[in-house]
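The next block holds one structure in the form of structure tokens; read it before the comments.
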Amino acid sequence: MYVLAGELKMVFDLKRVLRHDLENLAPYQVEPSKNGLLRLDANENPFDFPLFLQEEICRQWRSGFFTRYPDDLAGELRKAISQFTGVPVEGIIAGNGSDELILNLCLAVGNGAQVVIATPTFSMYRVNSLIAGAVPVEIPRLKAGFALDLDRLSEIAANEKTRLIFLCSPNNPTGNATPVADIAALLEHSRALVAVDEAYIDFGGVSCLPLLEKYENLIILRTFSKAFGLAGLRVGYLLGNPGVVKELLRVKQPFNLSTFAQVAACTVLAHREEFRKMTDAIRQSRDALGQELASLPGITVFPSEANFILFRTPRPAQEVFDRLRQEGVLVRNLHGPGLEECLRVTVGREEENQIFLEKMRKICC
Ligand SMILES: *Cc1c(COP(=O)(O)O)cnc(C)c1O
357 MYVLAGELKM
367 VFDLKRVLRH
377 DLENLAPYQV
387 EPSKNGLLRL
397 DANENPFDFP
407 LFLQEEICRQ
417 WRSGFFTRYP
427 DDLAGELRKA
437 ISQFTGVPVE
447 GIIAGNGSDE
457 LILNLCLAVG
467 NGAQVVIATP
477 TFSMYRVNSL
487 IAGAVPVEIP
497 RLKAGFALDL
507 DRLSEIAANE
517 KTRLIFLCSP
527 NNPTGNATPV
537 ADIAALLEHS
547 RALVAVDEAY
557 IDFGGVSCLP
567 LLEKYENLII
577 LRTFSKAFGL
587 AGLRVGYLLG
597 NPGVVKELLR
607 VKQPFNLSTF
617 AQVAACTVLA
627 HREEFRKMTD
637 AIRQSRDALG
647 QELASLPGIT
657 VFPSEANFIL
667 FRTPRPAQEV
677 FDRLRQEGVL
687 VRNLHGPGLE
697 ECLRVTVGRE
707 EENQIFLEKM
717 RKICC
């Protein structure tokens, strides 16, 4: 039967075709780069990428760099990561940033799965759980210094509904690291996968890498975006038990890491001493910056083992954030449950930290 034009008008209803459970999920928002703004908001490496390494990366140009698909399993890079970490190649997945690997973990445990998150922490654990249709359950870090609530975590880790637990150490945005013994204690009780995000491990805290051999359900996430200065190229990696990694590969997108990113990450790893100099400088600056900041009236500084500092202001965080922005300095406003009137500043180069402190003195005193 033919319907004459105009008689049966299809009405496209966008709401009808989209997932209702994502209606309240806000898209990830970042302030666009703007000239002149001092960006101390994204925990990036503040130093220039070494020119000789840029050149070395470009020298590895080969035919097919643009036209051919990249190595799907990032073989060379995984070999280099294996040498660096001691984890066999079969226990490594390279990701388009560790954000992709966080999503893959959520997709692998699946729809309706309970995913446990120790908050306040990195927002992508919750966001990617929701995108995967999983159910995030938040266990607040209520103790002094944002330590894990091990009793509650152990209890929920033993629950058969729990499939995946995210821990971040050193934790973004609070800056504290979790002792390896605490992670081991949790692993003893856990029937779920436990993913420890070590994005900031180059700045402090102790890696739980030695636990990988003992616990089949331990996963470690790392990134080249922070200490290794490759945030623009999106490279992260996951370390785990080869049996677990084999299953996780089912949800990996093919060719997820560009050839350029693979070559750059290999080069960076081969020259990691260059980056150690930078992380040493950042650690020193962090401690100095923390002390200076703590000396400002009314400011509470939380101890940090990462390349950023969380602090509480006596004035509304939004007001301090806006004033800093007017003065040309961008930080993160983290005001929210457990982080009332808190801001996070990334440790920059020494002269950048001094500019930030000068503006803070102007605003707060
Ligand atoms: C920045 C950050 C990441 C993201 O790393 P990418 O590799 O750039 O995706 C992951 N985890 C934490 C805790 C971070 O702060």
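Take the sequence shown: its letter number 80 is residue 436 in our numbering, and every next letter is one higher.
Ideal Cβ placement from N, Cα and C applies to all residues, glycine included.
No experiment lies behind these values; they were computed from the predicted model shown.
Below 8 Å on the Cβ atoms is my guess for residue i versus residue j; work out the distance and round it to an integer in Å.
i: Leu509; j: Asp553; result: No, Leu509 and Asp553 are not in contact; Cβ-Cβ is about 15 Å, not under 8 Å.
i: Leu604; j: Ala464; result: 5 Å
i: Ile665; j: Val619; result: Between Val619 and Ile665 the Cβ distance is about 34 Å, and since that is not below 8 Å, they are no contact.
i: Ala450; j: Val607; result: Not really, about 14 Å apart at Cβ, beyond 8 Å.
i: Val471; j: Val493; result: 7 Å
i: Thr623; j: Ile413; result: 5 Å
i: Leu394; j: Gly684; result: 6 Å
i: Thr635; j: Asp538; result: In fact, because the Cβ distance is near 24 Å, the residues do not count as touching under 8 Å.
Would you check if the distance between the CB atom of residue i and the CB atom of residue j is smaller than 8 Å?
i: Gly531; j: Ser438; result: no
i: Asn352; j: Leu645; result: Since the first residue shown for the chain is 357 and the last is 721, residue 352 is missing from the structure and cannot be characterised.
i: Pro529; j: Gly561; result: no
i: Ser454; j: Ala555; result: yes
i: Glu697; j: Arg668; result: yes
i: Ala469; j: Arg519; result: yes
i: Val703; j: Ile655; result: no
i: Asn515; j: Leu543; result: no
i: His691; j: Ala662; result: no
i: Leu335; j: Val687; result: With the chain represented from 357 up to 721, any question about residue 335 goes unanswered, as that position is not in the structure.
i: Ser485; j: Ala513; result: no
i: Pro426; j: Thr579; result: no
i: Val550; j: Ile575; result: yes
i: Arg497; j: Asp507; result: no
i: Ala436; j: Leu625; result: yes
i: Leu409; j: His627; result: yes
Starting from residue i, trace the alpha helix (DSSP H) both ways and give me its first and last residue.
i: Thr623; result: Thr615 to Ala626
i: Thr441; result: Gly431 to Thr441
i: Glu458; result: In the sequence as presented, Glu is not what sits at residue 458; that position holds Ile. Where Ile458 is concerned, the enclosing alpha helix (DSSP H) stretches over Gly453 to Val465.
i: Asp558; result: That residue, Asp558, is in no alpha helix (DSSP H); it is neither H nor E in DSSP.
i: Ile413; result: Leu407 to Arg415
i: Leu586; result: That residue, Leu586, is in no alpha helix (DSSP H); it is neither H nor E in DSSP.
i: Gly599; result: Pro598 to Leu604
i: Arg375; result: No alpha helix (DSSP H) holds Arg375; DSSP gives it neither H nor E.
Which residues bound the beta strand (DSSP E) around residue i?
i: Val472; result: Gln470 to Thr475
i: Pro701; result: It is Val, not Pro, that sits at residue 701 in the sequence shown. Cys698 to Thr702 is the extent of the beta strand (DSSP E) around Val701.
i: Arg578; result: Leu574 to Thr579
i: Leu594; result: Gly592 to Leu595
At least 3 beta-carbon pairs within less than 8 Å: the region 396-407 vs the region 583-593: yes
Inside the region 481-545 only - beta strand (DSSP E) runs reaching at least 3 residues: 491-496 and 518-524
Residue ranges of each beta strand (DSSP E) within the region 636-691, 3 or longer: 664-668
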